[in-house]
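With the sequence shown counted from 1, adding 391 to any position gets you the working numbering. Beta carbons are placed, not taken as given, at the ideal position from N, Cα and C, and that holds for glycine.
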Amino acid sequence: MIHTWAMTCALVASLGAASQPAGGPERVSASAATTERVRLVFSIDQGFGNGLVVNRDIDAARRICEAVKTLRPAYDVFLLFNPQVADKAALESILDAVVAEDVSFVLDVCSSDCQTLGTTTVQNHPVDGVHGVCIGVDDLARYKCRYGEHLAGVRLMELFSMDFTNRAVKTTNPEWNTAGWKLPDDAFFQPDLVRPFLRFARTEGMFVQFSDWHWARLHPWDETLKAQEAALRGLLGEFPGTVIVTYANNEPADKSVPRLRNWHEAVQPFVQDGAAAIGLSDQAWLREPEMSCPVEEVIEWAEQALSIGCRYIQFEPAWYFFKLPRGTFGRGDYRNDPKWQNSGEPLANFERLKTALMERR
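Here you go:
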């Protein structure tokens, strides 16, 4: 594949977009990286009102970078951000700091968070929150120009499960919409909304994570889901080798817990349809509340994924691994609270996960 990042930057420059920050370190492209090294991705900010981004907590971002870099002897490591925040200067200040630390990152482009958080909170302003679109392709191209190879991938998150949730709220379970988010009149998941991001990622040599817990193999009663998966297979065939299809172990009511040994059966078939690989979204949301989840369970899921050959594992939420307040919908500034001094420091959960992962190299 011909890498066209330089062409993208030339186009963006002609539109007057910002150039890549001077002095930023260069990294090998995601497409050129060896396929033998496992990618580890840590979600850092989903767009919560008291998140690291809206608070411009650059020191926390730097501490997180220093922590995850200790995994680099054995893994390729990335941070994940949702770019739906209205204060783009705050977002860019954090991304600038991450790039200055020579850490690459992933951006959410379509996500359930853009409906649940994006349509109900003042600090967020997604492009199309009711359909989960966090950012436009034009703005994504500008960030690619600004940050180059450090912008390594994008994520599509919970498009199937959120579509199911919306249908349930409209019919049998209106009480699920406790936060008052805005619902689309039509389907939440639409291939035409996803396709431009897949095209951009493939052209730029970026990877794509498609993450969900709602799969036909596990929920055969959902007839709509079967058609949605057929549409996904079509997209995988249209952009072969671009998308890593991942199972997310945050299915409500602890239903993911017994799937530890067979979750991969839900996503493995997509490889023959054109998926680059399968992976795991390994989340403390496995248990409710998430901070009650023993880190040994998170580690066990990661080790099981590695044992079956997964080359991609994504972890969340941020405050389970790093010293940050639990996410809230309402705006909140924690920076002057003594409780959050040294924000971003790795917690014991991160250290124990790191030890387990490094022992496997």
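Range covered by the beta strand (DSSP E) that runs through residue i
i, result
"ASP554", "Unbroken run through ASP554 is the alpha helix (DSSP H), 550-561; no beta strand (DSSP E)."
"GLY632", "Unbroken run through GLY632: none, as it is neither H nor E."
"GLU707", "703-707"
"VAL468", "467-472"
Cβ shell of residue i (< 8 Å), same chain only, five flanking positions each side left out
i, result
"ASN727", "none"
"PRO680", "none"
"GLN732", "none"
"LEU744", "VAL686, VAL689, ILE690, ALA693, PHE706, PHE712"
Option in the options with minimal Cα separation from residue i
i, options, result
"PHE601", "VAL445, THR719, GLN663, ARG546", "ARG546"
"THR746", "VAL686, TRP654, PHE661", "VAL686"
"ASP724", "GLU427, LEU443, THR512, VAL429", "LEU443"
"GLN705", "LEU470, ALA480, ASN740", "LEU470"
"CYS754", "ALA622, GLU483, GLY509", "Examination of residue 754 is not possible in this model, given that the chain is present from 392 through 752 alone."
"GLN475", "CYS456, GLU457, VAL528", "VAL528"
"GLY625", "ASN653, ALA666, ASP450", "ALA666"
"VAL585", "LEU627, ASP664, LEU715, CYS684", "LEU627"
"PHE661", "PRO575, ILE635, SER495", "ILE635"
"PRO517", "LEU738, PRO737, VAL648, LYS573", "LYS573"
"LEU609", "ASP673, CYS456, VAL648, ALA452", "VAL648"
"ALA525", "GLU540, TYR538, ASN557, GLY509", "Before going on, a small fix: residue 525 reads as Cys here, not Ala. Closest option to CYS525, Cα to Cα, is GLY509."
"PRO611", "GLN437, LEU677, ASP576, ALA657", "ALA657"
"ASN653", "SER698, ALA675, TRP676", "SER698"
"GLN663", "SER672, TYR638, ALA675, GLY632", "GLY632"
"SER672", "VAL500, MET548, LEU462", "MET548"
Beta-carbon proximity list for residue i, same chain, < 7 Å, skipping 5 on both sides
i, result
"PHE580", "LEU550, PHE551, ASP554, GLN619"
"MET597", "ALA421, ALA543, GLY544, VAL545"
"GLY440", "THR512, GLN514, THR719, PHE720, GLY721, ARG722, GLY723"
"ARG428", "TYR466, ASP467"
"CYS456", "VAL489, GLU492, VAL494"
"GLN659", "ILE669"
"GLY452", "At residue 452 the sequence reads Ala, which differs from the Gly that was named. LEU443, ILE485, ALA488, VAL489, GLY735, listed in sequence order."
"LEU438", "A small fix is needed here, since residue 438 is Gly in this sequence, not Leu. Excluding residues within five positions, the ones whose Cβ falls inside 7 Å are ASN473, GLN475, VAL476, ASP504, LEU508, GLY509, ASN515."
For residue i, the three-state DSSP class (helix, strand or coil)
i, result
"GLN600", "strand"
"GLU736", "coil"
"SER484", "helix"
"TYR638", "strand"
"PHE755", "The chain is shown from 392 up to 752; residue 755 falls before or after that span and cannot be answered."
"ALA570", "coil"
"GLY665", "coil"
"ASP478", "coil"
"ILE526", "coil"
"VAL513", "coil"
"PHE579", "coil"
"ALA713", "In the sequence as presented, Ala is not what sits at residue 713; that position holds Phe. Correct three-state label for PHE713: strand."
"ARG430", "strand"
"ASP728", "coil"
"LEU744", "helix"
"ARG546", "strand"
"GLN437", "coil"
"ILE393", "Low confidence applies to ILE393: its pLDDT is 39, below 50, so where it sits in the model is not reliable enough to give any reading."
"SER672", "strand"
Residue i: first and last residue of the uninterrupted alpha helix (DSSP H) it sits in
i, result
"GLU656", "655-658"
"CYS501", "Where CYS501 is concerned, there is no enclosing alpha helix (DSSP H), although the beta strand (DSSP E) it sits in stretches over 495-502."
"CYS456", "449-460"
"GLN695", "686-698"
Anticipated Cβ contact below 8 Å, residue i with residue j, distance rounded
i, j, result
"LEU431", "VAL489", "So it is not a contact: roughly 15 Å between Cβ atoms."
"PHE591", "ALA543", "Contact doesn't hold; Cβ gap of about 13 Å is too wide."
"SER434", "PRO708", "6 Å"
"ASN640", "TRP710", "The pair is not a contact, with the Cβ atoms about 18 Å apart (cut-off 8 Å)."
"HIS605", "LEU616", "7 Å"
Residue i beta carbon near the ligand MN (any heavy atom closer than 7 Å)
i, result
"GLU688", "Judged by which ligands are present, the structure shown has none, so any question about the ligand MN falls away."
Residues near residue i in its chain [Cβ-Cβ closer than 6 Å; skip 5 each side]
i, result
"ARG447", "ALA481, SER484"
"PHE630", "LEU589, ARG593"
"ARG454", "GLY735, GLU736"
"THR507", "TRP572"
"ARG678", "CYS684"
Proximity test, Cβ basis, 8 Å: residue i and chain C
i, result
"LYS646", "Given the protein chain composition of this structure (a single chain), no chain C is represented."
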